[in-house]
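Right, one structure below, let's go through it.
Number of protein chains: 2
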Amino acid sequence: MEDNQPRPPWQRSNQRKPARVPLTQELIVDTALAVLAEEGIEAVTMRRVAQGLDTGPASLYAHVSNKEELHELMADRVLGEIPLPEVDPAAWRAQLKDLLSAQFAALVRYPGIARVVMAIMIPAGPNLLRLGEVMLALLRAGGLSVRHAAFGCDVVGMYVKAFAQESSEWRGGLADRPETKRRAEELNAYLAALPEHAFPHTVAVHELFNEGTARERFEFGLDILLDGLAAKAE
Amino acid sequence: MEDNQPRPPWQRSNQRKPARVPLTQELIVDTALAVLAEEGIEAVTMRRVAQGLDTGPASLYAHVSNKEELHELMADRVLGEIPLPEVDPAAWRAQLKDLLSAQFAALVRYPGIARVVMAIMIPAGPNLLRLGEVMLALLRAGGLSVRHAAFGCDVVGMYVKAFAQESSEWRGGLADRPETKRRAEELNAYLAALPEHAFPHTVAVHELFNEGTARERFEFGLDILLDGLAAKAE
DNA sequence: TTCGTGAGACGAACGCCGTTCGTGACACGA
DNA sequence: TCGTGTCACGAACGGCGTTCGTCTCACGAA
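First to last, the sequence lines map onto chains R and U. Each residue of the first sequence is one higher than the one before, counting from 77 in our numbering. Each residue of the second sequence is one higher than the one before, counting from 77 in our numbering.
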């Protein structure tokens, strides 16, 4: 990150503050994502991001109008990292599944960003638009009507976002050791002590909650959705 | 809400502050839900709730340990309002669909509560437990294995929560007139001006975003999910 | 070379927020 | 009558998003 080479004297001479970086929107988003990856989403405050750039919070507002806008920029960047396939109509189902899995993975990699994505009402970022276009193309290639493709795109996207939110929130909460672990143990004890006549199924199922990775459960629902969408094709 | 009947004098005599109400957890949750219904979720602050009870924020902490706990209590209350059916194995699919629709309706009635429900990692409230039990019973009645029932319950519940969150957030944002309306118009103009060769499907579909009620789209995905789950039955 | 100008960095402050602490009022059993 | 413990609450702390006004400084015109 840092440039340790000795600078030519004519460059050092007239610069009081040694490494004055110009501070762009891109740089701000970079720093915000770094903070997110290391300290979680609620650490991404204007003050914390500014501190990561060795400046004050007021300096950010020249490049970003809001904390909300910063969050949207972060989300767009994260979802922009995933590679988009060339649409192959014969393989639309597999391609769509891969694409959605990649979305899931990208969202989970930055724990907490999924909540931000869910809060974005209108996906107007450039990367989000491209992503939506490809998903629509895949569904159309699968033989769905325009209407079904639109609805299906919506439903499937929401499923991925929601699962990523829950999954990463749980992971983020689990990483913070004492609180969540204690609650999980409490719940286990609570469920084990539950009156079995009143909650037979809950008791029967309760060990499955801790078992089964998030990815497994994610794919279970995803397959169901894709099957259902394929059945709507004409 | 208020009791305007004149009180017997012996009740009035030794009470300096005229209507000193004892301030219980239930009362706090009531007030919080009233604030939520009228002013949205982000108005539900400790200070605002306390103000609604004519007291200071510190007074709440005797009955509620956290803002987070308050939120969970609110969520449990809202989801507890929905009536649970007697499980009829022959009608499991219709019963499940009705139950999920009722969940959706309850979550949308208090705009913003869906986000809270999503953030609850472990549904340990009494009403949430009862709800889960019935959903599991319905899926088991539909012939699913324990494992599939557990996963299906998870998936379906998440779908409802996510859809309610998006839907109510949009509705909440729409009620606040100027900002969201402006963005929607901006997006319409933006999409209309989109290069059609690069985003053919997005352009073709863009009017469907504003059309089609949330409920319609909700049921579209719900039917797909239920079909898929029914197909897993043995 | 000098000077005006405009964009950007930033210190300080405002009004919120969640939460804690210490005090004080008050009902109740001894 | 007198502890005593519960609960309401005023005051305060630290942190947040955001705004305002000032100051620096590169750059083009004269």
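All C-beta atoms in this analysis are idealised placements derived from N, C-alpha and C, irrespective of residue type, glycine included.
Under 8 Å between C-beta atoms, does residue i make it to chain R?
| i | result |
| --- | --- |
| G218 of chain U | no |
| D303 of chain U | yes |
| F296 of chain U | yes |
| A290 of chain U | no |
Given this structure, state the Cα-to-Cα distance separating residue i from residue j, to the nearest angstrom.
| i | j | result |
| --- | --- | --- |
| D252 of chain R | G116 of chain R | Low local confidence applies: a pLDDT of 49 at D252 of chain R is under 50, so the model's placement there is unreliable, and no value is given. |
| P187 of chain R | V154 of chain R | 11 Å |
| L250 of chain U | P165 of chain U | Caution is warranted here: a pLDDT of 47 is assigned to L250 of chain U, below 50, making its placement in the model unreliable, and no coordinate value can be reported. |
| L207 of chain U | E162 of chain R | 44 Å |
| A265 of chain R | E272 of chain R | 13 Å |
| M21 of chain R | A268 of chain R | The structure shown does not extend to residue 21 of chain R, since chain R spans only 77 to 310, so no value can be given for it. |
| L146 of chain R | S177 of chain R | 25 Å |
| Y137 of chain R | Q179 of chain U | 41 Å |
| A226 of chain U | S243 of chain U | 26 Å |
| V192 of chain R | D130 of chain U | 35 Å |
| L270 of chain R | A213 of chain U | 16 Å |
| H277 of chain R | V279 of chain U | 47 Å |
| L172 of chain R | V105 of chain U | 44 Å |
| E114 of chain U | L183 of chain U | 15 Å |
| K143 of chain U | H224 of chain U | 35 Å |
| F296 of chain U | V232 of chain R | 11 Å |
| T107 of chain R | G128 of chain R | 7 Å |
| A181 of chain R | S135 of chain U | 44 Å |
| A119 of chain R | E245 of chain R | 14 Å |
| L160 of chain R | L298 of chain U | 28 Å |
| R216 of chain U | V236 of chain U | 19 Å |
| M194 of chain R | L112 of chain U | 20 Å |
Any beta carbon of chain U sitting closer than 8 Å to that of residue i?
| i | result |
| --- | --- |
| H316 of chain R | Here chain R covers residues 77 to 310 and nothing more, so residue 316 of chain R does not appear. |
| Y266 of chain R | yes |
| F313 of chain R | Here chain R has residues from 77 to 310 only, and residue 313 of chain R is not among them. |
| E245 of chain R | yes |
| W168 of chain R | no |
For a contact meaning CB atoms closer than 7 Å, what does residue i contact in chain R?
| i | result |
| --- | --- |
| M234 of chain U | A238, F239 and E242 |
| R223 of chain U | L284 |
| M150 of chain U | Those do not exist, as M150 of chain U stays about 18 Å from chain R at its closest Cβ, beyond 7 Å. |
Going along chain U in order, which residues have a C-beta closer than 7 Å to the C-beta of residue i?
| i | result |
| --- | --- |
| H277 of chain R | E209, L212, A213 and R216 |
| I158 of chain R | Under the 7 Å cutoff, chain U gives no residues; its nearest Cβ is about 18 Å from I158 of chain R. |
| A280 of chain R | V222 |
| A200 of chain R | L263 and Y266 |
| L205 of chain R | F275 and T278 |
Since residue i and residue j are thought to touch, with beta carbons under 8 Å apart, how far apart are those beta carbons, to the nearest angstrom?
| i | j | result |
| --- | --- | --- |
| D230 of chain R | R293 of chain U | 6 Å |
| E148 of chain R | G201 of chain R | 6 Å |
| E310 of chain U | G219 of chain U | 6 Å |
| A110 of chain U | M234 of chain R | Their Cβ separation, rounded to whole angstroms, is 30 Å, which puts A110 of chain U and M234 of chain R out of contact at 8 Å. |
| A190 of chain U | Q241 of chain U | 4 Å |
| L263 of chain U | I198 of chain R | 5 Å |
Please say whether residue j and residue i have beta carbons closer to each other than 8 Å?
| i | j | result |
| --- | --- | --- |
| V281 of chain R | V281 of chain U | no |
| K283 of chain U | F275 of chain R | According to the sequence as given, residue 283 of chain U is Glu; it is not Lys. No, the Cβ-Cβ distance between E283 of chain U and F275 of chain R is not below 8 Å. |
| P133 of chain R | M150 of chain R | no |
| Q101 of chain U | V140 of chain U | yes |
| L301 of chain R | I300 of chain U | yes |
| D152 of chain U | L103 of chain U | no |
| R169 of chain U | A306 of chain U | yes |
| G304 of chain U | G304 of chain R | yes |
Name, please, each residue of chain R whose Cβ falls closer than 8 Å to the Cβ of residue i.
| i | result |
| --- | --- |
| R293 of chain U | F227, D230 and V231 |
What does residue i touch in chain R if you count any residue whose Cβ is under 9 Å from its own?
| i | result |
| --- | --- |
| M194 of chain U | R191, M194, A238, Q241, E242 and E245 |
| I300 of chain U | G228, V231, I300, L301, D303, G304, L305, A307 and K308 |
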